[in-house]
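Notes for the one structure printed next.
Numbering (the numbering used here), first residue to last: 1 to 246.
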C-alpha cells in the first residue's frame with residue numbers, strides 16, 4: 001500500500017509540473033509526440049522490468065532490513081549517495097553509456113525526468129538496496145527520500161519559468177530548473193556540474209556547482225553534441241543505445 005502511495009504522489013507531481021510548464025514555460029518548444037511517447041515508454045518499460053524484482057523495491061527491502069540509523073541522518077546520507085551515484089554515472093564510461101540516454105534529450109522538461117534507460121533505473125534500485133544494507137537506513141527515511149528524489153527530479157527538469165529572485169532563493173536549499181538545465185548543456189564543462197537531484201548543498205561543498213546569468217539560460221544548447229538527429233533519439237534507438245559502439 002505504501003508503495004502505491006508513492007506512485008500516486010509521483011503521478012500527481014508529474015501532472016502538476018507538466019501543467020505548470022505549459023502555463024509558465026521557460027522556453028517555447030513545439031510538441032514532439034514521438035519524443036513524449038518515448039520518454040513515457042522508457043519509464044513504463046522499467047515498471048514492467050521491476051515486476052520481476054519486487055522484493056528489491058527499496059522501501060519494501062528497508063521494511064525487512066532497516067537498521068538503527070536516525071531518520072534525518074538517513075535522509076542526508078541517502079541524498080548524498082544519490083549525488084555520488086550521479087557523479088559516477090558521468091565519470092565511469094560503462095555507466096555513462098546508460099546515463100547518456102537521459103542526456104540525449106534535445107529539450108528539457110518534466111518528461112525528461114522519466115527519460116532513463118530501464119537498466120540504469122534497475123541498477124539504481126540495487127544501489128539503493130546496497131545503501132540500506134550498508135548504512136542501516138530507516139524505512140521511513142527511504143520512503144520519504146524516494147518521494148523527495150522523484151518529486152525533486154520532476155521539479156528541476158520542468159521547463160518552468162521562475163522569477164530570478166525566487167530561483168536564487170530556492171536554489172540555496174534545493175536544485176531548481178535553471179540550476180539543473182546547466183547540467184543538461186551540451187558543453188562538457190557544464191554537463192559535469194550541478195549533479196544534485198534534491199539538495200543543492202553537495203554541489204557547493206564539492207565544488208561542482210555551475211551557474212549562468214538569468215538571461216544567459218536562453219543560450220544553453222541542450223543534449224549531446226554528437227547526437228543531434230531527432231529520428232535516432234526515440235524509444236527503440238534509446239533501448240539499444242548503451243550497446244552500440246562508442
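Note that CB positions come from ideal geometry on N, CA and C, so glycine has one too.
1. Hey, which unbroken runs of the alpha helix (DSSP H) at 4 residues or more fall wholly within the region 100–186?
2. Taking all protein chains shown into account, decide if residue 182 is buried (16 or more other Cβ within 10 angstroms of its Cβ) or exposed.
3. CB-CB under 8 angstroms to residue 170, same chain, minus the five flanking residues each way: which ones, in chain order?
4. Buried or exposed: where does residue 48 fall if 16 or more other Cβ atoms within 10 Å of its Cβ makes it buried?
5. Excluding the 5 residues preceding and the 5 following residue 96 in the sequence, name in chain order all residues of the same chain whose CB lies nearer than 7 angstroms to its CB.
6. Three-state secondary structure (DSSP) at residue 222?
7. Do you know whose CA, among 230, 187, 168 and 196, lies nearest residue 213's CA?
8. Mind checking whether residue 115 and residue 42 have CB atoms under 7 angstroms apart?
9. Please look up how many angstroms separate the CB atoms of residue 10 and residue 129, rounded, as I've assumed it's under 8 angstroms.
10. In the DSSP output, what is residue 227 paired with across the bridge?
11. Given a cut-off of 7 angstroms on the beta-carbon distance, is the pair residue 138 and residue 74 in contact?
12. Do residue 179 and residue 185 have their C-beta atoms closer together than 7 angstroms?
13. Following a CB-centred definition, is residue 131 positioned closer than 6 angstroms to any heavy atom of the ligand COA?
14. One question on the structure: do residue 200 and residue 174 come within less than 7 angstroms of each other, judged by their Cβ atoms?
15. Which residues does DSSP pair with residue 238 in a beta bridge?
16. Would the beta-carbon of residue 62 fall within 7 angstroms of that of residue 142?
Taking the geometry as given:
1. 118–135, 139–157, 164–171 and 177–183
2. buried
3. 162 and 176
4. exposed
5. 89 and 90
6. strand
7. 168
8. yes
9. Going by Cβ atoms, the distance from residue 10 to residue 129 rounds to 19 angstroms, so no, they are not a contact pair.
10. 224
11. yes
12. no
13. As presented, the structure is devoid of all ligands, the ligand COA included, so that no description of it is given.
14. yes
15. Bridge partners of residue 238: none, in fact.
16. yes
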